[in-house]
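Yeah, the sequence shown ends on 386 if you go by the UniProt record's numbering, and it's all consecutive. Quick reminder that beta carbons are idealized off the backbone N, C-alpha and C, glycines included.
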Amino acid sequence: MTTSTDVFTLTAAFHEAFGTVPDGVWQAPGRVNLIGEHTDYNEGFVLPFAIDKTAKVAVRVRDDSTVRLLSTFGGHGLVEASLDGLEPGSGEGWSRYPLGVAWALKERGVSVPGFELLLDSDVPLGAGLSSSHAIECAVITALNELTGANLPAEELVLATQRAENIFVGAPTGIMDQSASLRGAKGQAVFLDCRDQHVELVPFDAEASGLVLLVIDTKVSHSHADGGYASRRASCELGAQVLGVTALRDVGVEDLEAASGLLDEVTMRRVRHVVTENDRVLQTVELLGAQGPASIGPLLDASHASMRDDFEISCPELDLAVDTARANGAIGARMTGGGFGGSAIALTPVGEEHKVRDAVVRSFAEAGYTAPDIFTVTPAEGAFRLA
Ligand code: GAF
C-alpha cells in the first residue's frame, strides 16, 4: 500500500485474479488541505489540492449484478457482494467505498451492472490525506464512464458524499472528493461549498523557494467516530441559535454579538468556522498578490484555532507543528478532519532536512511512533489511465 503499481502490473494482476483483462484502469488522488478546515459542511470555503499519491482501480463490468473486489494490499481478501438489495452499512474495510459508490449511483437512477475490481493505492490509510475519497473517486470515475452515465463532476461529488454519509456512516462534507475529482496540476482548488463553484489558484511553492512538507503523525483517525459528528452538531446548533442557514452566513464582525447568544463551547466552535472562512479568503488573496511565501501566519492561525477553539488537534499534531515552526517552517497546521492524521509545514528549500530531523527527534523523545515525512505538490484530479 506504500508504493504505486504501474498500469501494466495492475492489469496483469487483474488478469491473474479474475482470468480476464479489465475494461480500463482509472486513478484518483488523495488530497491535502492548504486551509479551510470544517468549513465545507458549513457551506463555506476550502482550499485543498490533489496530491501525487493515488488510488488506482482496474475494472471490468459483468453481465450480472455481482461485485467482486480485491486489493493489491490484501486486506479482507476477495469480497463478493450483490448489487441487488445492497444496503447501507454493508461491506467491511475498504470494500465499503466501491460498494457505497455503486449504491449511491444506483440511488441517483444510474443502472450499475456488477463488476470486478482490483484496487491499488499508495495514499496512506488513516493519515488524514483522504485515502477513502481517493478510492471512491477512482471507482465513481470508472463507473460513470463504464455505465455511460456521464454525470458532471458536481453530481459525482454529491453521490460520493451520499456514499460516505449514508453507506459508510461518516458525516463528512464535499471538500475531499472535490479536490480528488476537480484538482489540477500546479493548482489549489478554491471551492465555495455552497454552490460548488471552483476557482483554480496556482500554488507553486518551489518557485517561491519553498516546499510543502506533510508530516504523517501515524495517529490514525476515523470520521465515522464521534468527534467529527459532534463538531458538526455544534456548528448546526450555532447556526440554528444565530438564525442563519449555515455558519457561512456569519461574518467575523458578527462574532461579538454572537457571544451573547451562544454557550461557551458552541461559541468557540462557531468562532473557529467563521474565522477559518475568513482565513481561506485572505489566503486566496495573498496567494494571488504575493505568492506562497506570504501565507505562513494564516496557516499558524488556522492551527491555533483548531487546537484551541475547535479542539480537534492532538499532542502529536501540536508537536509536529510547533517543532516544524521552531526549526525553519514559515507556517504549519494540521490538515484534514483532525483527531490524528497529518500536519503540513511550508518550509524554505534547504531547511526541509532540518525540519524533518527535528520532528523525528522530538517524536522519539516524546515516545511517539516515528512520523512519515514527505513533500507534496498539486497534482491532476481523477482520470482514466488506460
Ligand atoms: C474530512 C472530511 F471528509 C471533509 O469533508 C472535511 O470536513 C474535513 O474533514 C475537515 O475540513 O476530511
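>> Let me see if you follow: with CB-CB separation under 8 Å, is F8 close to chain B or not?
In response: Considering every chain present, this structure includes no chain B. It has just one protein chain.
> Among all the DSSP beta bridges, which residues are the ones paired with R60?
Replying inline: Along the sequence shown, one-based indexing puts residue 60 at 60. BP columns for R60 point to E116.
> How many angstroms separate the CA atom of M1 from the CA atom of G243?
Replying inline: Along the sequence shown, one-based indexing puts residue 1 at 1. Along the sequence shown, one-based indexing puts residue 243 at 243. Because the pLDDT of M1 is 46, which lies under 50, any placement of that residue in the model is unreliable, and the number read from its coordinates should be weighed accordingly. C-alpha separation (whole angstroms): 46 Å.
> So, helix, strand or coil for R194, using DSSP?
Replying inline: On the sequence shown, position 194 is the one that residue 194 refers to. Coil, per DSSP.
> Just to confirm, does G337 get its C-beta within under 7 Å of one of the non-hydrogen atoms of the ligand GAF?
Replying inline: Numbered from 1 along the sequence shown, position 337 holds the residue referred to as residue 337. Under cutoff, so the answer is yes.
>> Report the start-end ranges of each alpha helix (DSSP H) in the segment 35-109 that is 4 residues or longer and not cut off at the edges.
In response: DSSP runs (the alpha helix (DSSP H)) wholly in the segment 35-109: 96-107.
>> So for V359, helix, strand or coil by DSSP?
In response: One-based indexing of the sequence shown puts residue 359 at position 359. Of the three classes helix, strand and coil, the one that applies to V359 here is helix, per DSSP.
> Candidates K106, G109 and G114: which alpha carbon is nearest V79's?
Replying inline: On the sequence shown, position 79 is the one that residue 79 refers to. Answer by Cα proximity: G114.
>> Taking 7 Å as the cut-off, is the C-beta of E37 nearer than that to any heavy atom in the ligand GAF?
In response: Reading the sequence shown from its first residue, position 37 is the one you call residue 37. Yes, the ligand GAF has a heavy atom inside 7 Å of this Cβ.
> Just checking my contact of L255 with R271 at CB under 8 Å: how many whole Å lie between their CB atoms?
Replying inline: By one-based count along the sequence shown, residue 255 stands at place 255. By one-based count along the sequence shown, residue 271 stands at place 271. With 8 Å as the limit, L255 and R271 qualify as a contact, their Cβ atoms being about 6 Å apart.
> Over what stretch of residues does the alpha helix (DSSP H) that includes I140 continue unbroken?
Replying inline: To locate residue 140, count along the sequence shown from 1; it is residue 140. Looking at the DSSP string, the run of the alpha helix (DSSP H) that includes I140 is S131 to L146.
>> For L281, which residues in the same chain have their Cβ closer than 7 Å to its Cβ, ignoring the five residues on either side in sequence?
In response: Indexing the sequence shown from 1 puts residue 281 at position 281. The residues are F45.
> If we ignore side chains and look at the alpha-carbon of each, how far apart do residue 401 and E43 end up?
Replying inline: This structure gives no information on residue 401, because the portion of the chain shown stretches from 1 to 386.
>> Quick check: is any heavy atom of the ligand GAF less than 7 Å from the C-beta of M306?
In response: For the purposes of this step, residue 306 is identified with residue 306 of the sequence shown, where counting begins at 1. It does not: the Cβ of M306 is nowhere closer than 7 Å to a heavy atom of the ligand GAF.
> Should H353 go down as buried or exposed, given a rule of 16 or more other Cβ atoms within 10 Å for buried?
Replying inline: Residue 353 sits at position 353 when you count from the first residue of the sequence shown. Exposed, by the Cβ-count rule.
> Excluding sequence positions up to five away, which residues of its chain have a Cβ less than 7 Å from the Cβ of R248?
Replying inline: Position 248 of the sequence shown, counted from the first residue, corresponds to residue 248. These residues qualify, in order along the chain: N42, E43, G44, R194 and N277.
> Near E116, which residues of its chain fall below 6 Å by C-beta distance, leaving aside the five closest residues on each side in sequence?
Replying inline: Start at 1 with the first residue of the sequence shown, and residue 116 comes out as number 116. Cβ neighbours of E116 beyond the five flanking positions: F18, R60 and R68.
>> Need the endpoints of the beta strand (DSSP E) that F14 sits in, please.
In response: Counted from its first residue, the sequence shown places residue 14 at position 14. Premise fails: F14 lies in the alpha helix (DSSP H), V7 to F18, not in any beta strand (DSSP E).
>> Taking DSSP's pairing of strands, which residues face L200 in a bridge?
In response: Position 200 of the sequence shown, counting from 1, holds the residue named residue 200. Looking at the DSSP assignment, L200 forms a beta bridge with V189.
> Just curious, the beta strand (DSSP E) that T347 is in, first and last residue?
Replying inline: Along the sequence shown, read from residue 1 onward, the residue named residue 347 stands at position 347. Counting along the chain, T347 sits inside the beta strand (DSSP E) bounded by residues S342 to P348.
> Cβ of M334 versus every heavy atom of the ligand GAF: is any distance shorter than 7 Å?
Replying inline: For the purposes of this step, residue 334 is taken as the residue at position 334 of the sequence shown. Not a single heavy atom of the ligand GAF lies less than 7 Å from the C-beta of M334.
> Which one or two residues does DSSP pair with P29 in a beta bridge?
Replying inline: Position 29 of the sequence shown, counting from 1, holds the residue named residue 29. Its beta-bridge partners are T54.
> D322 lies in the beta strand (DSSP E); which residues open and close that run?
Replying inline: As a first step, residue 322 must be located in the sequence shown, where it is residue number 322. Not the beta strand (DSSP E): D322 falls in the alpha helix (DSSP H), residues P315 to A326.
> When every heavy atom of the ligand GAF is checked, does at least one fall within less than 7 Å of the C-beta of N33?
Replying inline: Here residue 33 is taken as the residue at index 33 of the sequence shown, counted from 1. Checking the Cβ of N33 against the ligand GAF gives yes.
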